[in-house]
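A short worksheet on the structure shown next.
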Amino acid sequence: MFKKIEDFFDSFYTRAETIPAGIYLYQAPPDAELPYKLHLRVESDGSGILILNASTVLHLNQTAAEYTYYLIKGMEKSAIADTVSQRYSIPRETAEQDLVEFMDKIDALVNSQDLDPVTFLDMERVAPYSQKLSAPYRLDCALTYRVSDGTDASVAPTERVSRELSTAEWQTVMKNAWQAGIPHIIFTGGEPTLRDDLPELITYAEELGLVSGLLSDGYKLAAKKYSLDLLEKGLDHILLLANPDDKRFWSALKVLMPLDIAVTVHITLTANNCAGFPALLDKLAKADVVSVSLSVAEESLSDELQKAGEQAAALGMSQVWDLPVPYSASHPVAFELADQKTPQGAGKAWLYVEPDGDVLPAQGVNKVLGNLLTDPWEKIWKRH
Amino acid sequence: MKKNRVTSIFVALLMLLTFIQPVLAQDYYFEVPEEQVDVFIETDGTITIEYYYKFQNAGSAHVIDFVDIGMPGNSTYQLSDITANVDGKTITDITYSDYVDGIALGLGANAIPAGGSGVVYMRAENVGNLFYFASENESEDYASINFQPSYFGSDYVSGNTSLTFNFHLPPGLTDQEPRWINPKGWPGDDTPASAFDSEDRVLYQWASTSASPDGRYTFGVTFPARVIPTSAINTEQTVTYNPSQVWGTVIPILCCTGIFGIFGLIIALAVKSAKKRRLKYLPPKIAIEGHGIKRGLTSVEAAILMEQPMDKILTMILFAVVKKEAAEVTNRDPLELKVEETLPEDLRDYEKAFLEAFKEKNAAARRKALQAMMVALVKTVGEKMKGFSSKETVAYYEEIIKKAWQQVEEAETPEVRAEKYSDAADWTILDKDYETRTRRTFGTGPVFMPYWWWRTDPTIGSAGRSMGGSVAKGTSAPSGGNQSRTITLPNLPGSNAAASVIGTVQAFSAGVVGNLTSFTGGITDKTNPVPVQTSSTFRSSGGRGSGMGGGGHSCACACACAGCACACAGGGR
């Protein structure tokens, strides 16, 4: 009986809903001292993932996701406190204090990248890629399997695809990715700069709100006008595949390093280049390279790789890994964590799209999960 | 048995929501490799529900300590009718849940640990108020029930579930009388297997190995209403507000309790309803993705991370280059080194820079070069630590120090103890209680100094007489670098050994570094500058909060990272 009366009163109240699921972008204003992009992905249960500059991944509980959502929407602090206070039936002072502390933590992360967030910001640490995701963090799009003149064509698996997607089709792929909640796209190949529509695709990525990166041998980037054009279109970062024996690589570096864009140089350590590796790192440092990606072609070189990592650190170079580069799984951190059963990011934190739209867990992992142009995202993700 | 083909069935969806209680929601992560749900329709118009879950908890996840099981929204049941066990051990902590409209099973001492597995079984009897009349083209009235078995929050589960769902119809029905309804959301076959169970009940069974633990599946059956009491069957299609019925309940209460009582009741229910519609607030919580321990740091690099005093770190570098036979102390106060002309190949960059600094004869220039070396070292450690947890790494190296001491202290003979002490010297020196612990460990017993020790003290060349220690047992030092002499090393009483090391540290403070605070400030100003006050990350949000970030420090710690807490107060040596 009381239950029915209770139901009667219930009917007068609208059920409080969590904030709408989706992906939201906050971009630093042009006059900000640090350029940054924040992507908030709100999940259907109200929790969220906040990705800082396409690199630092934060997992937010429902409350933190809601505060971030309001901040990205541009709400004033007082209005946020009012809203949260009302929605959660908590004192306004509590909401305001929690909001301030939350904002401080995000500010500190954005402005002090060396800060240990566990020690100084009271955050929890979770192992990379250990959480269940509704979509990957990144999509690696191989625009073409064509390669630059002078490059061994066998490095690209051309036999896997019969055609390349058109500009409009790639735009559809990007739109699908954005709608699925993927905030970051890397144009790769083959050699993606061989696609004449690359600037157009970067422009479209920028319009959507995607962070865009380019993985290239850099030969076309040696033309300053072309590089500046890509930057102007909204390219966020470049990953150069080092070919120290080709002067076009060094020319590209000379053009790119003074520009206002993050550049990382990838080098694969092989038995052939091992001896000259320290000198190469020194030369890169002298060319103002501050970020490198290192991998090895064979596991027996892991000690040499560790030494190269030590040298890079001593040269003040940051190291990045988990990028779609040759031997991407054989990087220094992977060897260091080999005995710790670290979750793999391939197929979970990132996916790879072939030139015809087929989706693979990662480059070289030839298990087709679907086609991003023709299959619904849910179907592809379910197979990952 | 034939498939039910009727198009209109009066049913109400029974939402049986079962999920692991997210007390620390971010931490729970598990798989449910097997699940079985049995629903027995009893002749008294109730049902019995049985859940069988096999949990596989993830390696780094929160222990599964509570399982909350939602019960049908309008159902009636008693806690005393619910039994449960985990791995066959009876669960006694069965309460109404604070989190779902249902019950909470407290697993207590039998909670499933991270990486562990366990089977949870629950049985609820006498669950009532669940049936509705079905609209069937049949010759008699039919009752219906739809049932959505448990599912878990998608954030907390992974993998597939081998799920079996069994509807046990009431006893006394023939196999031609009941009907099944196409399941909703089900990845397996719509058509169930059918049979008679051990109690001769008609059994419909749906099974799939590709179900999801977070999947929402609905199963239903209809059957002749005569096998259960008519009073157990709801006549409404759905539970909706019906004014006449509400007044039918309100008026008698009004008569019995009076006008004030009913106002109180109305207000209380209204407040309760309003609160129910609000969201549950937990303080904002952030978890960051990152690796844990950074292994492979040298003891010097670990010292930077552990914010050891600069003079101690410089001493450690001195010991390192001396050990590698790259240099030799020619004078202790003021400290002077003789750098070998041919340097070993395995010198690290900071060791090379250290030696370069000591080639400088001008004290101020040398000091400046050492500061530059330290700045580079701090930055290198910072680069190496990117993506790793400082907190966990510091804890890891503290454990190494602890184990180093343990090896020394557990040695059974003075000789072995001294040998272990020598071997572990790189790490034990990092202990802030190094001096007192050395004294305590060795007392007045001998400490055999490392084979390279003679290079740190020019007086040892004359048999260590000036060290104040008795030469109880000579040790021939190996020739090193360009040296070819044979030297007898001292063994010192514990207190003297510690004092000797500390003396070297002090020599750095006094003769090389000068004012330690000033020296350190020259480093931290570069490695950890006072941040420029910037606007809030979210520009339009009404300004900054309380403000955070690091700052230059004026203590003696290395402070490798921006925002370093610099908790060096009194620590170090």
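Which chain is which? The protein sequence lines are L and P, in order.
Residue numbers are given in the numbering used here: position 373 of the first sequence equals residue 367, and the series is strictly consecutive.
Every position in the second sequence, counted from 1, becomes a number in the numbering used here once 1 is added.
Where a beta carbon is used, it is the ideal one built from N, C-alpha and C, also for glycine.
Please read all numbers here as calculations on a predicted model, not as lab measurements.
Rounded C-alpha distance that separates residue i from residue j
i: residue 175/P; j: residue 69/P; result: 37 Å
i: residue 522/P; j: residue 368/P; result: 13 Å
i: residue 335/P; j: residue 310/L; result: 33 Å
i: residue 469/P; j: residue 497/P; result: At residue 469/P, the pLDDT of 35 sits below 50, so the modelled position is not reliable; the number obtained from the coordinates is stated separately. Approximately 8 Å between the Cα atoms of the pair.
i: residue 298/P; j: residue 301/L; result: 12 Å
i: residue 119/L; j: residue 226/P; result: 56 Å
i: residue 503/P; j: residue 296/P; result: 28 Å
i: residue 337/P; j: residue 431/P; result: 24 Å
i: residue 16/P; j: residue 122/L; result: For residue 16/P, the predicted structure reports a pLDDT of 32, less than 50, and the residue's modelled location is therefore unreliable. The matter cannot be settled from this model.
i: residue 46/P; j: residue 129/P; result: 7 Å
i: residue 383/L; j: residue 52/L; result: This structure leaves residue 383/L out entirely; chain L is present only between -5 and 378.
i: residue 114/L; j: residue 108/P; result: 35 Å
i: residue 368/L; j: residue 346/L; result: 16 Å
i: residue 324/P; j: residue 452/P; result: 8 Å
i: residue 265/L; j: residue 112/L; result: 39 Å
i: residue 147/L; j: residue 141/L; result: 6 Å
i: residue 260/L; j: residue 144/L; result: 19 Å
i: residue 400/P; j: residue 434/P; result: 15 Å
i: residue 292/P; j: residue 333/P; result: 43 Å
i: residue 328/P; j: residue 302/P; result: 20 Å
i: residue 389/P; j: residue 417/P; result: 36 Å
Neighbour flag for residue i against chain L, beta carbons, 9 Å
i: residue 230/P; result: no
i: residue 292/P; result: yes
i: residue 150/P; result: no
i: residue 209/P; result: no
i: residue 146/P; result: no
i: residue 316/P; result: no
i: residue 288/P; result: yes
i: residue 349/P; result: yes
i: residue 165/P; result: no
i: residue 159/P; result: yes
Closest by C-alpha distance to residue i, when choosing among the options
i: residue 358/L; options: 130/L, 378/L, 41/L and 150/L; result: 150/L
i: residue 236/P; options: 167/P, 314/P, 143/P and 228/P; result: 143/P
i: residue 214/L; options: 199/L, 192/L and 206/L; result: 192/L
i: residue 26/L; options: 71/L, 90/L, 84/L and 105/L; result: 105/L
i: residue 185/L; options: 71/L, 318/L, 313/L and 330/L; result: 318/L
i: residue 339/P; options: 409/P, 305/P, 357/P and 304/P; result: 357/P
i: residue 250/L; options: 282/L, 331/L and 330/L; result: 282/L
i: residue 35/L; options: 223/L, 48/L and 29/L; result: 48/L
i: residue 91/P; options: 71/P, 121/P and 72/P; result: 121/P
i: residue 331/P; options: 454/P, 347/P, 389/P and 391/P; result: 454/P
i: residue 99/P; options: 114/P, 93/P and 67/P; result: 67/P
i: residue 30/L; options: 217/L, 240/L, 43/L and 20/L; result: 20/L
Min CB distance residue i to chain P below 9 Å
i: residue 237/L; result: no
i: residue 357/L; result: no
i: residue 156/L; result: no
i: residue 293/L; result: no
i: residue 370/L; result: no
i: residue 304/L; result: yes
i: residue 110/L; result: yes
i: residue 122/L; result: yes
i: residue 184/L; result: no
CB of residue i within 9 Å of CB of residue j, strictly
i: residue 202/L; j: residue 164/L; result: no
i: residue 319/P; j: residue 505/P; result: yes
i: residue 288/P; j: residue 97/L; result: no
i: residue 200/P; j: residue 169/P; result: yes
i: residue 348/L; j: residue 154/L; result: yes
i: residue 519/P; j: residue 427/P; result: no
i: residue 152/P; j: residue 213/P; result: yes
i: residue 371/L; j: residue 15/L; result: no
_Could you tell me which whole beta strand (DSSP E) segments of length 3 or greater appear in the stretch 108 to 191 of chain L?_
118 to 120, 132 to 136 and 178 to 182
*Continuous beta strand (DSSP E) assignments of at least 3 residues falling wholly in the stretch 43 to 95 of chain L*: 50 to 54
*Counting only runs of 3+ residues fully inside the stretch 165 to 191 of chain P, write out the beta strand (DSSP E) ranges in chain order.*
180 to 185
*What alpha helix (DSSP H) runs, 4 residues minimum, are completely inside the stretch 273 to 353 of chain L?*
296 to 308 and 326 to 330
*At which residue ranges does the stretch 198 to 222 of chain L contain complete beta strand (DSSP E) runs of 3 or more residues, listed in the order of the chain?*
205 to 210
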